[in-house]
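Report on the structure given below.
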Amino acid sequence: MLAIKDCPEGKPPSITYKIGPALETVSNGEFSTGEFPVTKYYEEDGYSFFRYTIELQLVEYEQKVQYHINKHFKKSFQFFIPSVDESMNVISYSCNGFTLACDASDFKSSLWYDVLAKHSQQHYHVMLGGGDQIYSDAIKLHSKKLQEWTQINNPLKKRNAPIDDEVLAEFKNFYLNHYMNWFGKGFWKGTASQVVEALFPLTMSQIPMVNIYDDHDIIDGFGSYHDSTMQAPIFSTVGNVAYKYYMLFQHHMNPEEKLHTSDPSWVLGKEGPFIKQKNHSVFMRLGKEVSLLGLDCRTERKLKQICDPQTYKIIFNRMNETLKANGDVKHLYVMLGVPIFYPRLVWLEWLLTSTAMAPLRKLATKGVINKGLVNEFDGDVEVLDDLNDHWCSKHHKRERNKLIKDLMEFGAKKGIRITILSGDVHLCCIGRMKSKYHHHPNAHILQGTKEIEKLNKDLTAHPENDPRLIFNVISSAIVNAPPPDAMATLLNKRSGIHHFNQDTDEDIVPIFVKDVDGSSRANHQFLNKRNWSDLVLAKQSVKYKSLIAGTVEEAAEAAEAAEAEAEPTANGTHAGSSSVLRKFPQPVFDNEHDTKEGDFLHNQQPNDRFIKYPLFEDSVVTSLRVEKDPGDLGSKSTAYEVIIPPLVGSYKLGRVAVKHVDV
1 MLAIKDCPEG KPPSITYKIG PALETVSNGE FSTGEFPVTK YYEEDGYSFF
51 RYTIELQLVE YEQKVQYHIN KHFKKSFQFF IPSVDESMNV ISYSCNGFTL
101 ACDASDFKSS LWYDVLAKHS QQHYHVMLGG GDQIYSDAIK LHSKKLQEWT
151 QINNPLKKRN APIDDEVLAE FKNFYLNHYM NWFGKGFWKG TASQVVEALF
201 PLTMSQIPMV NIYDDHDIID GFGSYHDSTM QAPIFSTVGN VAYKYYMLFQ
251 HHMNPEEKLH TSDPSWVLGK EGPFIKQKNH SVFMRLGKEV SLLGLDCRTE
301 RKLKQICDPQ TYKIIFNRMN ETLKANGDVK HLYVMLGVPI FYPRLVWLEW
351 LLTSTAMAPL RKLATKGVIN KGLVNEFDGD VEVLDDLNDH WCSKHHKRER
401 NKLIKDLMEF GAKKGIRITI LSGDVHLCCI GRMKSKYHHH PNAHILQGTK
451 EIEKLNKDLT AHPENDPRLI FNVISSAIVN APPPDAMATL LNKRSGIHHF
501 NQDTDEDIVP IFVKDVDGSS RANHQFLNKR NWSDLVLAKQ SVKYKSLIAG
551 TVEEAAEAAE AAEAEAEPTA NGTHAGSSSV LRKFPQPVFD NEHDTKEGDF
601 LHNQQPNDRF IKYPLFEDSV VTSLRVEKDP GDLGSKSTAY EVIIPPLVGS
651 YKLGRVAVKH VDV
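Here the UniProt record's numbering is used: the first residue of the sequence shown is 1, the next is one more, and so on.
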């Protein structure tokens, strides 16, 4: 997408391209050239918006595409596409901006520098924005009309304050220019500082993106205030205008176009209660073995709902129609802006909404005590919108558990490993669901066989056979400041083993056994430093692909032996699972920090919390890449790695009740 100011005679820039092998070692590669077709899809305030249709043929090797804009070329004007037999190497990130009061000068460099450094070693084909790709809270500073509205103390007058052309113009002007500044230059200005994150637009020029959105793409907390506040004409207009520019800049589409009704990458739900547009979730293939569902959790959101029940039915119908059981797709990534496997903070939610807090809320609203205690929109305690946003909020428990149950049953039936990608919380961790009973013939039945007792393996030793194993990779924030140590400590204390149902446990993976500098740390579950993550199939990983290639023949021999013993295998690489490399989730350092064979947990015996995950060729190597030093201009990171195995076989889960859903 290009947005051009005062485009001469409305003529779009031409984008020509050259495509060929990504590596010089490819001997049979071919080069070709062409020009991308262009469509003008929007115009406003002298800006013309152009969308270029990119349709390229996948071949047997990875390709590099270099492009020229009006015959002008820069080194960053290039991107890579995988081979026809590969899946995309993925970046997952969130919270790409600063909150208004943040002091950006605390950070000397940008983690986008680290992304580009890793991209030069292992090409990334797509980056997935999990929400808050832009922080739009500054509308509170730039719109005088919104400021006047927030200062109205009479609730009835506030809810009925009308919208006029002047208000609408203010809102449009803000979002248009805010996107142009951030996506075009990386410029942001808050109340305490300003910054230019120029490496962000530089990265966008060479790695394609697929996004969902969250509250800061609109305004802090949008969707999680009282419905009466959300319905106020001025506040709902903020949401509708922000949505328009989200679609223009992050999806390269005018929401008034009819294009989205025929685009197979959209799954359209119901119209939102406050944003008067249909729910737009994304569903697409990311190469041969990976699919992506990006769930739109903001358009239909209100205080007691994240998505409409009908929207979930539409999404699961589409996935059931598209994804075959035990087919090419081995992994389904599900993007949810807010973590779904995360510590419960219901006690804090209860405290902040209790009658004991009412006098303090009233005094804060009147400015008698710290006015920052309450938000300016509905007078509730400032952090309450964040708690209401969470899947574990009292308002969303049933919806959360129903979605988890449906995803778990879908993955088990299809033989597809589901991994959830989330952000929002400004720290990193990895949530996990897994089977509670590790050798239980009735908990899950391997489909297509009657030898139930024999084939339900010990899932501590063989997590690839666990149909309930789902990771929630929580990566946040790539730009925003992390919370204080006290918050990470609180989360650690509140995080135990939760029983999702009789057969399923939920926990946080104890992956942070060392800090980013190699020192020991007490909190193994949460790390409050800036971060981003990547997900790469093991057979495509720079680190592991040579090891994988060396074991294929050995695995094939094991497959023949396993077949003779009637062992279930999805393919040859899984049969010799006893001899394959298995690793605990843990940090990966340079040699100076390594212990025995780089394994910090070599003395740890596997148990319910510490599980070794196998490195098959279609396992996903997932790394949380955590900033070492915010004062380092080199912006280096430490990797915390978990190997996510495919699901071997397809299963029918036992019928057990799920709290809030079945009882």
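Ideal Cβ placement from N, Cα and C applies to all residues, glycine included.
Does residue i pass the burial test, meaning 16 or more other C-beta atoms within 10 Å, or should it be called exposed?
i, result
"S105", "exposed"
"Q250", "buried"
"R521", "exposed"
"Q151", "exposed"
"L156", "exposed"
"I497", "exposed"
"F274", "buried"
"S94", "buried"
"A169", "exposed"
"G186", "buried"
"Q147", "exposed"
"P339", "buried"
"A364", "Residue placement at A364 cannot be trusted, given a pLDDT of 41 that sits under 50; the coordinates are not used to answer."
DSSP on residue i, reduced to helix/strand/coil?
i, result
"Y61", "coil"
"E148", "helix"
"T311", "helix"
"residue 666", "In the structure as shown, the chain begins at 1 and stops at 663. Residue 666 is therefore absent and cannot be evaluated."
"T299", "coil"
"N211", "strand"
"M247", "helix"
"V661", "coil"
"F283", "strand"
"L100", "coil"
"E271", "strand"
"W182", "helix"
"L292", "strand"
"I219", "coil"
"G550", "helix"
"L128", "strand"
From the DSSP secondary-structure annotation, give me the bridge partner or partners of residue i.
i, result
"I15", "I69"
"G239", "Note: G239 sits in no beta bridge, so no partner."
"K652", "I445"
"R625", "W532 and A639"
"L421", "M335 and V473"
"P587", "Y640"
"S32", "I19"
"N501", "T504 and V658"
"K5", "Y47"
Whose CA, out of the options, lies closest to the CA of residue i?
i, options, result
"G46", "Y312, K11, F512 and Y52", "K11"
"E197", "L176, W112, R609 and G550", "W112"
"K414", "I611, T460 and F316", "F316"
"residue 679", "P587, N531, S533 and V509", "Nothing about residue 679 can be read from this structure; the chain reaches only from 1 to 663."
"K543", "F174, A639 and K5", "A639"
"Y342", "G272, M284 and D424", "D424"
"K402", "P483, I306 and S476", "I306"
"M230", "G272, E257, P255 and M180", "G272"
"S533", "M127, A325, H395 and E62", "M127"
"N528", "V642, C429, R494 and L141", "C429"
"Y333", "D618, R285 and R301", "R285"
"S205", "F183, D215 and G223", "F183"
"K302", "S393, I69, Q194 and K18", "S393"
"I314", "D328, K304, W266 and L292", "W266"
"V620", "I416, A477 and R344", "I416"
"residue 668", "F31, G34 and T53", "Nothing can be reported for residue 668, as the shown portion of the chain is limited to 1 through 663."
Taking just the CA atoms, how far does residue j sit from residue i?
i, j, result
"E321", "K144", "49 Å"
"Q604", "F584", "9 Å"
"T27", "G20", "Here the sequence assigns Ser to residue 27, which means Thr is not the residue at that position. The straight-line gap from Cα to Cα measures roughly 11 Å."
"V65", "E166", "45 Å"
"Q310", "G518", "48 Å"
"Y225", "F526", "28 Å"
"S435", "K636", "36 Å"
"L647", "T622", "16 Å"
"K330", "W391", "26 Å"
"A325", "I139", "47 Å"
"D85", "I91", "20 Å"
"F600", "P587", "8 Å"
"Y175", "Y243", "10 Å"
"H660", "R398", "5 Å"
"G327", "Y651", "14 Å"
Is there a Cβ of chain D sitting closer than 8 Å to that of residue i, yes or no?
i, result
"C95", "The displayed structure is made up of one protein chain only, and chain D is not part of it."
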